[in-house]
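**Student:** Sharing a structure here in structure tokens format.
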Amino acid sequence: MANIQSNKFCTKAIHAGYDSQLHEGALNPPLHLSSTFAFEDIKQGADRFAGNAEGHIYSRISNPTLSILEKRIAALENAEAGLCTASGMAAITSVLLTLLSHGDEVLVDKTLYGCTYAFLNHGLSKFGITVTHVDMTNVDNVAEAISSRTKVIYFETPANPNMRLIDIAEVCHVANQNEIVSVVDNTYSTPVITRPIDLGADVVVHSATKYLGGHGDLIGGLVVASTELIERFRFEGVKDMTGACMSPFTAMLILRGLKTLELRMQRHALNADYIAGWLNKHAFVKKIYYPFDTDNCQFALAKKQMHYGGGMIAFELEGGFQQGLQFMDALQLVQRAVSLGDAESLIQHPASMTHSTYSEEERARHGISNSLIRLSVGLEDKDDIQNDLQYALDTLKNFIAA
Ligand SMILES: Cc1ncc(COP(=O)(O)O)c(C=O)c1O
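Okay, so the sequence shown: first residue is 372 according to our numbering, each after it adds one.
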């Protein structure tokens, strides 16, 4: 942090990485819409290219607005350095393409966001990289699966869409002992709830599209790690391989979103905790998946590594596919949409939306039943959210009574 020194999360979320006095007192960071940067003389240019002098060259590599966001997310995740990318998928692909080469192996959890799964299985495997899926809810499985070719261990927690939790400290400890780089997708939790670097992770990736931006108006990604790794991801991953850099406009919006991140996450979690408790007792709901649900078999782990239960709930309705469709169509306030972490409550039915191209058997294998619903609890009044869900659940009455 420039002038304002604090280790408190919300102070860092507002001030870290920016000194207004270096920008004519502008309290909000200026937007640097410049593709390229002029050198005072050729020596300055040569020094920057050689890495002997700091300064910007070209916005696919770095940009002053992005640099502020990179410092801010690093401060929030307690990491040495940060990197902006065009999307969450750009963060994931830039990191993995940097760390892995032909012949290497990456160990990944069984449950992953769909496009991450597709990149690993249809993308990386095309380049001679072995992708091994392991149930990482048991750390012994991870230790057993490691081979001399394993270079990266990758997982999400909570995982999308079924909310499984992985013990970050345990899995990263095993990775560390074996000199394997651990990468954690912290999109669902954000650093308000979990800070994987403090628990031993080497790299954290984010879809900033979600809670970090927080307003559903951008697509962006962020990475934090050691300075050494971040410089590799910047030059090998983003500059040379994916080219997937963030726009300065997007960085500005994320900087704005981060200022209220802690407040928003507290409210998301408060609302979600209430809705999860209510859904849990509802006669038409078969099962709920929420980290801070006391009946959750991973409750102790949730309490160990999460400050709040977060804003995401998955639940299964009584009935099957048809009941899922009927419930979804009856909603009025809660919006039928993919993505998560917006102010608006968003809901999706994987069997008819994100996972509709899977066969029923494939869905079952991934733990996605026909009546599974994923809810991103928004910032609306909790009673309004509850009433909307209640109304939609009531439409299942005839089926349940039959
Ligand atoms: C857990 C997780 N990681 C990564 C991504 C990809 O992020 P983006 O859509 O910003 O590329 C998503 C998107 O939904 C996600 O849910």
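For every residue, glycine included, the Cβ atom is placed at its ideal position computed from N, Cα and C.
From VAL412 to HIS427, what does the alpha carbon distance come to, in whole angstroms?
**Tutor:** A quick correction: the sequence has Asp, not Val, at residue 412. Roughly 14 Å separates the two Cα atoms.
**Student:** Mapping the DSSP letters down to three states, classify ALA452 as helix, strand or coil.
**Tutor:** Correct three-state label for ALA452: strand.
**Student:** Taking 8 Å as the limit between beta carbons, can you name the residues of its chain near THR598, skipping five residues before and five after?
**Tutor:** Cβ within range, chain order: GLU451 and ALA452.
**Student:** Can you tell me whether ILE744 is helix, strand or coil according to DSSP?
**Tutor:** Correct three-state label for ILE744: strand.
**Student:** Indicate, with yes or no, if ligand 1 has a heavy atom lying under 7 Å from the CB of ASN531.
**Tutor:** Yes - ligand 1 has a heavy atom lying nearer than 7 Å to the Cβ of ASN531.
**Student:** Looking at the structure shown, is ARG431 part of a helix, part of a strand, or coil, going by DSSP?
**Tutor:** Correct three-state label for ARG431: coil.
**Student:** On the criterion of 16 or more Cβ atoms from any shown chain inside 10 Å, does VAL554 qualify as buried, or is it exposed?
**Tutor:** It is buried - the Cβ of VAL554 has at least 16 other Cβ atoms within 10 Å.
**Student:** Starting from the N-terminal side, write out each stretch of the alpha helix (DSSP H) that is 4 residues or longer and does not extend beyond the region 577-658.
**Tutor:** Entirely contained in the region 577-658, the alpha helix (DSSP H) runs reaching 4 residues are, in chain order, 598-603, 619-630 and 632-652.
**Student:** Comparing alpha-carbon positions, which option in CYS616, ALA622 and ASP611 lies nearest ASP588?
**Tutor:** ASP588 has its Cα closest to that of ALA622, out of CYS616, ALA622 and ASP611.
**Student:** Please indicate yes or no: does the CB of ILE739 lie closer than 7 Å to some heavy atom of ligand 1?
**Tutor:** Every heavy atom of ligand 1 is 7 Å or more from the Cβ of ILE739, so no.
**Student:** Does the Cβ of THR728 have 16 or more other Cβ atoms within 10 Å, making it buried, or fewer, making it exposed?
**Tutor:** THR728 comes out exposed.
**Student:** Should THR804 be listed as close to ligand 1, given that the test is whether its C-beta is under 7 Å from any heavy atom?
**Tutor:** Nothing in the structure corresponds to residue 804, since the chain is present only between 372 and 773.
**Student:** Taking 8 Å as the threshold (C-beta atoms), are GLU633 and PHE380 in contact?
**Tutor:** Yes, these two residues count as a Cβ contact at 8 Å.
**Student:** Who are the Cβ neighbours of PRO721 in its own chain at under 6 Å, not counting the five residues just before and after it?
**Tutor:** Only PRO532, ILE739 and LEU743 meet the Cβ criterion.
**Student:** Which same chain residues end up closer than 6 Å to MET612 when comparing Cβ atoms and leaving out the 5 residues on each side of it in sequence?
**Tutor:** So the list reads LEU468, once near-sequence residues are dropped.
**Student:** Counting only runs of 3+ residues fully inside the region 527-563, write out the beta strand (DSSP E) ranges in chain order.
**Tutor:** Fully enclosed beta strand (DSSP E) runs of 3 or longer: 552-556.
**Student:** Can you confirm whether the region 701-717 touches the region 684-692 when touching is taken to mean that 3 or more C-beta pairs between the two stretches lie within less than 8 Å?
**Tutor:** Judged by Cβ distances under 8 Å, the region 684-692 makes no contact with the region 701-717, as fewer than three pairs qualify.
**Student:** Apart from the five residues on each side of it in sequence, which residues of its chain come closer than 7 Å, Cβ to Cβ, to LEU626?
**Tutor:** Result list for LEU626: PRO400, ILE439, LEU440 and ARG443, in chain order.
**Student:** What is the DSSP secondary structure of MET372, counted as helix, strand or coil?
**Tutor:** Residue confidence is low: MET372 scores 47 on pLDDT, short of 50, so the model does not pin down where it sits. No coordinate-derived value is stated.
**Student:** Under 8 Å by Cβ, that's how I've got VAL502 and VAL477 pegged, so tell me the actual separation to the nearest angstrom.
**Tutor:** Confirmed, about 6 Å.
**Student:** Measuring CA to CA, which of GLN637, HIS586 and GLN669 is closest to TYR679?
**Tutor:** Cα-wise, what sits closest to TYR679 is GLN637.
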